[in-house]
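Encoded as structure tokens, the structure appears first; notes follow it.
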Amino acid sequence: MNNNTITNLYNRDIFRDIDIAFARLLTRLAPDDPPGVQLAGLLVSRAAGEGHVCIDLHQWAGHEIRLPNGKSIDVRCPGAEEWMDQLRTSAMVSRSENHGPLVCDARGRVYLQRLYQHEQQLAQLLRKKASTPLPTIASEQQDRIRALLGRYFGDRHPDSEPDWQKIAALICLVKRLCIISGAPGTGKTTTVAKILGVLLELARDFPPRIHLCAPTGKAAARLGASLTDASRSMDCPATIAAALATLETYTIHRLLKVQSSGRGSFFHENNPLPTDVVVVDEASMVDLVMMSRLVKAVPEEGQLIILGDKDQLASVEAGSVFGDLCQDAQERNYSTSMRKLLSLLMQEALPPVAETRHANLDLQDCTVVLHKNYRFDHREGIGALTRAVNLGNSDQIKRTFQKNHGAMLHWDQWRRQTEFNKLLAAYALKGYETYLASRGPEDALSHFNRFMILCALAKGPFGVERLNLLIADQLQKAGLIGRTRPWYKGRPVMITRNSYRIGLFNGDTGLVWPGADGRLRVWFQGEGGALRALRPQRLPEHQTVFAMTVHKSQGSEFDRVLLVLPDQDTPVLSRELLYTGCSRARKQLVLIAQEAVIDQAVQRTVQRTSGLYDALRA
């Protein structure tokens, strides 16, 4: 492959500008390299932009590079062994004696050097935390632990399932790493509140330093609010409840003090956080690079508690870290020593499971999946719907809508575009009229965050750009907003580019509303729940957000959700996207979609190419 071929590929809109620039750089640095090196560079650069950490040569070997419409352009990938031989001889591929921009591992996975380093370092640190136990619990301490667990979690009925929330707490008492996965309503943050309460009570003389963080400002604010609510209902001393209620929450960026360039942070492996316990919520949204940075900054002796939902969409950036961490979690296959310790401290036996070979039991010993849902009944409503989606059962999805048609679930289909426009307008007017009638910014933000319109695509007839225009037009016709200028009262905006200087990040949402002086400001809810107001001119890149994509909705929940899907199948539609969109609703979900599109979406699952799973179990 030569530069002309690369240019032809670029002109055919298969690769991005940055992919082509990277391949040209490889060609300039090593002009005598075989063509497979440049082709690998093109593919791995594009893959990183699509969320993959690497490419697997075996998946590409012998295949043709094709146009989006499937037409061949006479460029065929080499065979796997030939391709790996070409890469092994190239100075552009890292070996022990050099650090090239590419890495090819023994399994035939090709990485960008930076992503490979982050993956290996993250796996090494998590393996170390998983294998390092906390100090041995003395026999007299065991009785106190049992008493605390009984008070915080209650006693289990002899015939019931083990209390997996309590098991999560025990893992935090004996391990430096705890991974908790659960759907909305399974009590992840309630569990963490109880865990932190137990830790604080066990160490009253030297209370642990606790830091709470999440990927976005909204998710951080929700984490703080959830912990405050949980502390009010827990059976704990007033001092413990007060301590939990006053814990500050951070975005991961602010916790690490990421530099304005975004390339470094104040806290890192050589300057760790001054902390004893770090809790990170909504971990499915955290990409490989950011999770690597966070884990590096946790002190070696510090505890790390990771919360998330393994069934949600993976992060927008490269990696599916939380999914890789939880890949074996369903088995609940703890090591023999861990099972004995849990049974001793709970004074009850865990149900037997079959042993799994080749698993990293250290990591599995740190993982809990919460199944019991305290918000939804798994037999009906939103709980039954999300369960059917996860199973990929489209017939069950339809039966669930039919059975629960009404207040909680509603499914609309349409035949003509005009019919779709009327449906969208009706739901938007009903959903947004309350917040637009609010008196102040705090009340308006509160009401705005109770309803949201979600869609799968950014562009096209059913994409977020067009939907926002349609909704704004309808709200203006109804006299609820005035759009004579770009900035108007009631305009919701979402940040689309990180601004470390201002402290706003991709996905943060705010609302344009007059301040006390009558001047328009954009109001955001900070990590601690307090409002902050900015002049519109100070905002980084942003967009109007009467509707947002399902990807952008991660980390948020709304009382009512209107989920809009396109009228035709598209590769973006997947089981994970449908599950994520449906599970954003707390009380009501309305779906506007064609039946055939649902059938196709639930059969497609998102597969991110990564080596983290293998690296964690090395």
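Numbering (the numbering used here), first residue to last: 134 to 751.
Each residue gets a CB set at the ideal place from its N, CA and C atoms; glycine is no exception.
From a predicted model like this one, the values you see are computed outputs, not experimental measurements.
Do you know how far the Cα of residue j is from the Cα of residue i?
i	j	result
Phe679	Gly287	43 Å
Arg572	Asp732	44 Å
Ala302	Val412	13 Å
Leu483	Ser476	6 Å
Leu672	Ile270	52 Å
Leu281	Ser689	32 Å
Pro310	Arg599	In the sequence as presented, Pro is not what sits at residue 310; that position holds Leu. Rounded to the nearest angstrom, the two C-alpha atoms are 44 Å apart.
Val391	Ala354	19 Å
Glu381	Glu334	19 Å
Ala547	Glu513	The question names Ala, yet the displayed sequence has Trp at residue 547. About 25 Å.
Phe399	Gln257	22 Å
Cys499	Gln254	19 Å
Thr636	Arg396	Going by the sequence as given, residue 636 is Gly instead of Thr. Distance between the alpha carbons of Gly636 and Arg396 is about 15 Å.
Ile198	Thr361	54 Å
Ala605	Thr567	15 Å
Gln274	Ile343	22 Å
Ile206	Asp189	21 Å
Leu578	Ser359	18 Å
Arg630	Arg665	18 Å
Asp649	Glu674	The question names Asp, but residue 649 in the sequence shown is Ala. The straight-line gap from Cα to Cα measures roughly 26 Å.
Val236	Phe584	46 Å
Ala559	Phe553	10 Å
Val410	Met225	41 Å
Ala734	Ser470	42 Å
Val186	Pro164	26 Å
Glu252	Leu421	7 Å
Ala376	Trp297	25 Å
Met424	His386	11 Å
Ser686	Met479	38 Å
Here's the rule I'm using: 16 or more other beta-carbon atoms within 10 Å means buried, otherwise exposed. How should residue i be labelled?
i	result
Thr617	exposed
Asp457	buried
Arg652	exposed
Ile151	exposed
Phe534	buried
Met196	The sequence shown places His at residue 196, rather than the Met named in the question. It is exposed - the Cβ of His196 has fewer than 16 other Cβ atoms within 10 Å.
Phe509	buried
Leu602	exposed
Lys473	exposed
Leu200	exposed
Arg654	buried
Asn582	buried
Asp495	buried
Lys299	buried
Ser132	No answer is possible for residue 132: the residues shown for the chain start at 134 and end at 751.
Pro619	exposed
Leu162	exposed
Since residue i and residue j are thought to touch, with beta carbons under 8 Å apart, how far apart are those beta carbons, to the nearest angstrom?
i	j	result
Gly318	Asn523	Their Cβ separation, rounded to whole angstroms, is 14 Å, which puts Gly318 and Asn523 out of contact at 8 Å.
Lys351	Thr642	6 Å
Pro268	Gln219	Incorrect: roughly 52 Å between the Cβ atoms, too far for contact.
Val739	Glu709	5 Å
Leu503	Gly640	That pair is no contact at about 25 Å.
Gly525	Gln736	6 Å
Arg179	Arg149	7 Å
Leu745	Val454	7 Å
Gln497	Asn537	Actually they do not touch by this definition, with Cβ atoms about 36 Å apart.
Trp646	Pro574	4 Å
Ser542	Leu518	The displayed chain sequence assigns Leu, not Ser, to residue 542. Yes, they are in contact, since the Cβ atoms of Leu542 and Leu518 sit about 6 Å apart, within 8 Å.
Gly184	Glu450	7 Å
Leu644	Pro669	At roughly 12 Å, the Cβ-Cβ gap does not stay under 8 Å, so Leu644 and Pro669 are not in contact.
Val307	Pro340	That pair is no contact at about 19 Å.
Arg260	Leu749	6 Å
Val501	Ile304	6 Å
Leu569	Gly623	5 Å
Counting pairs of Cβ atoms below 8 Å between the segment 716-735 and the segment 172-189, do you hit three or more?
no
Pairing CB atoms from the segment 435-444 with CB atoms from the segment 310-330, are three or more of them under 8 Å?
yes
Please list the segments of the alpha helix (DSSP H) lying wholly inside the segment 451-479, counting only runs of 4 or more residues, in order along the chain.
454-458 and 469-479
Three or more C-beta pairs under 8 Å: does that hold for the segment 337-349 against the segment 409-428?
By the criterion of at least three beta-carbon pairs nearer than 8 Å, the segment 337-349 is in contact with the segment 409-428.
Tell me the start and end of each unbroken alpha helix (DSSP H) in the segment 550-621 that is at least 4 residues and wholly inside, in chain order.
550-569, 574-581 and 597-610
Taking one C-beta from the segment 605-616 and one from the segment 689-704 each time, how about it: are there three or more such pairs within less than 8 Å?
no
What are the complete beta strand (DSSP E) segments, minimum 3 residues, inside the segment 246-315?
310-315
Pairing CB atoms from the segment 701-713 with CB atoms from the segment 443-459, are three or more of them under 8 Å?
yes
Hey, which unbroken runs of the beta strand (DSSP E) at 3 residues or more fall wholly within the segment 375-410?
Runs found: 382-384.
Is it a yes or a no for the segment 586-605 touching the segment 693-709, going by three-plus beta-carbon pairs under 8 Å?
yes
Taking only runs of the beta strand (DSSP E) that begin and end inside the segment 673-721, which ones reach a length of at least 3 residues, in chain order?
675-677, 680-682 and 691-697
Any chance you could list the alpha helix (DSSP H) runs of at least 4 consecutive residues sitting entirely within the segment 149-196, in chain order?
150-162, 168-182 and 190-193
Which parts of the segment 490-522 are runs of the beta strand (DSSP E), unbroken and 3 residues or longer, counting only runs that do not cross its ends?
Every unbroken stretch of the beta strand (DSSP E) spanning 3 or more residues and falling wholly within the segment 490-522 is given here in chain order: 500-503.
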